[in-house]
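**Student:**
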Amino acid sequence: MARNHFIGVREQLKSSIHRLDDAKALLDASRWRGAMYLAGYSIECLLKAKLMKIFDCQNLLDLEDELQRRHLLAANATIFTHQLESLVR
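Residues in the sequence shown are numbered from 9 upward in steps of one, following the numbering used here.
(1) Once the 5 residues before and after L54 are set aside, which same chain residues still bring their CB inside 8 Å of it?
(2) How would you call R77, buried or exposed, if buried means at least 16 neighbouring beta carbons within 10 angstroms?
(3) According to DSSP, which residues form a beta bridge with G42?
(4) What residue range is occupied by the uninterrupted alpha helix (DSSP H) comprising S70?
(5) From what residue to what residue does the alpha helix (DSSP H) around A31 run?
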């Protein structure tokens, strides 16, 4: 699936809620690793949505450009990552 389908604030917020619901279902089934993975994914989506709001960006592509412009994201780095540490920085 192309990454452009889920790059807006609304899509990231919806994705965060859905991944959290999935994590809860796995947790209820004692599927710990899957629950932890999807809970982290939920946090990632929420964090990206919050960053878009903070920096007044409409989508992840704009956010990536803005963070690179402010030197908060290396020129060769991407916002399309699952590395929470780099997003929190």
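We put the beta carbon where it would ideally sit given N, CA and C, even for glycine.
**Tutor:** Reading off the structure:
(1) Answer for L54: Q20, L21, S24, listed in chain order.
(2) With fewer than 16 Cβ atoms within 10 Å of its Cβ, R77 is classed as exposed.
(3) According to DSSP, G42 bridges with nothing at all.
(4) The question names Ser, but residue 70 in the sequence shown is Asp. D70 -> alpha helix (DSSP H) spans 68-77.
(5) Going by DSSP, A31 is part of the alpha helix (DSSP H) stretching over 17-36.
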